[in-house]
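Some notes on the structure that comes next.
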Ligand code: NAP
Ligand code: GDD
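Numbering (the working numbering), first residue to last: 2 to 321.
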């Protein structure tokens, strides 16, 4: 049987790197779309670089994606590329809309033009629930985004649904709640905390400056979540799914566990800094993963505590 071939946009990101590993293990040919930059940023994929095919393209440029789809003819496309940092979306709302919102139309339309039979996954986000209208949040919970990022993701979600309904495309929107790992970008709160814990423990830093410690998130492990993305594209019919753990913890609790793991008290080191507050906050996210559990047979395997300690251990090793 011919090998399956998948295109991943955002392969240099946290999720892209784990998904590429996973698809390689499943026997796929993996094509990774990278954007041109003046320096190489392959830290997360250097260990698999000789096993994947990297091609140049950009979500801002539909023609680039038409060309690479024509040349490589994947059977599945995973659109993970985005301006993904919520805080930045407040200072760069137009750029975020172009990449994270309209970028989805560009790639979906490129798929439609080249081969509407290609299966498509869109990386949607629990940030779309924003000021939550129900607890927990499921596929039927109304959306109320609270950031330009959330608004852009909502556009991406609906254009995915719209292309599915208009052109009969197999297009899925995965509404993923926060997922973290040792490969998480340093600007996101979890990795910012675990990296600071390691540096403070090793005597390299003295404090950690954070914003709102009372925000609550449903945090899972990125490696668990890429399995759900793949499962969504292996079903008889395309559908949308919430992917989450069903548990929620505050940023404060994350700090407690992370500092506690190395024998420190977070209250001795965390300094509240207004700069890290957001113009509009998402106070609470907790997802109901029942549909993904039932239809996809998906369940997370790593607990919250295991995730926090795994990230602290990894940052201790990296900072030594
Ligand atoms: P990430 O680490 O920030 O990675 C984003 C990726 O997108 C990077 O590879 C980046 O390339 C690429 N990219 C950005 N702008 C691009 C453009 N114009 N053209 C092509 N590529 C571009 O994000 P992540 O955490 O892996 O998340 C993956 C996706 O899931 C994102 O769409 C994110 O919004 C969404 N999501 C994430 C979570 C989460 O908790 N992690 C939850 C829900 C949804 P460079 O390396 O060149 O910057
Ligand atoms: N980044 C950051 N830095 N966040 C802080 C800080 C800080 O110093 N202090 C408190 N927080 C709070 C934020 O206000 C927010 O409520 C929470 O920590 C989590 O922030 P992030 O880790 O930046 O993630 P996010 O929830 O805004 O967004 C992530 O999850 C979304 C899914 O819900 C990103 O991965 C998005 O791309 C993703 O869609």
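From the three backbone atoms N, C-alpha and C, an ideal C-beta is built for every residue, glycine too.
Helix, strand or coil at residue i according to DSSP, with G and I counted as helix
i, result
"residue 232", "helix"
"residue 203", "coil"
"residue 273", "strand"
"residue 171", "coil"
"residue 17", "helix"
"residue 295", "helix"
"residue 281", "coil"
"residue 6", "strand"
"residue 138", "strand"
"residue 25", "helix"
"residue 194", "helix"
"residue 49", "helix"
"residue 132", "coil"
"residue 224", "helix"
Alpha-carbon spacing of residue i relative to residue j, whole angstroms
i, j, result
"residue 60", "residue 187", "23 Å"
"residue 138", "residue 178", "10 Å"
"residue 230", "residue 170", "17 Å"
"residue 272", "residue 201", "13 Å"
"residue 221", "residue 164", "29 Å"
"residue 62", "residue 283", "31 Å"
"residue 119", "residue 22", "21 Å"
"residue 246", "residue 182", "15 Å"
"residue 80", "residue 207", "39 Å"
"residue 104", "residue 76", "20 Å"
"residue 158", "residue 174", "6 Å"
"residue 112", "residue 144", "27 Å"
"residue 237", "residue 296", "11 Å"
"residue 1", "residue 135", "Because residue 1 is not part of the residues shown, which for the chain are 2 to 321, the question remains open."
"residue 210", "residue 248", "26 Å"
Alpha helix (DSSP H) segment containing residue i, residue limits
i, result
"residue 33", "Where residue 33 is concerned, there is no enclosing alpha helix (DSSP H), although the beta strand (DSSP E) it sits in stretches over 30-35."
"residue 111", "104-115"
"residue 80", "Here residue 80 belongs to no alpha helix (DSSP H); instead the beta strand (DSSP E) covers 77-80."
"residue 145", "Careful: residue 145 lies outside any alpha helix (DSSP H) and carries neither H nor E."
"residue 254", "252-262"
"residue 97", "94-97"
"residue 41", "First-last for residue 41: undefined, no H or E at that position."
"residue 310", "305-320"
"residue 187", "Run containing residue 187: none; DSSP gives neither H nor E here."
"residue 64", "63-73"
Range of the contiguous beta strand (DSSP E) that encloses residue i
i, result
"residue 167", "Residue 167 -> not in any beta strand (DSSP E); alpha helix (DSSP H) instead, spanning 149-168."
"residue 125", "120-126"
"residue 209", "209-211"
"residue 55", "54-57"
"residue 287", "Element bounds for residue 287: n/a, residue is neither H nor E."
"residue 243", "242-244"
Nearest candidate by alpha-carbon position, reference residue i, set the options
i, options, result
"residue 263", "220, 311, 283", "311"
"residue 155", "116, 83, 217, 92", "83"
"residue 14", "223, 232, 29, 260", "223"
"residue 17", "35, 76, 189, 75", "35"
"residue 12", "124, 193, 89, 237", "124"
"residue 318", "306, 196, 254", "196"
"residue 92", "149, 142, 185, 136", "149"
"residue 45", "215, 86, 185", "185"
Neighbouring residues (CB closer than 5 Å to any heavy atom of the ligand GDD): 85, 87, 126, 127, 128, 179, 189, 190, 211, 212, 213, 216, 252, 277
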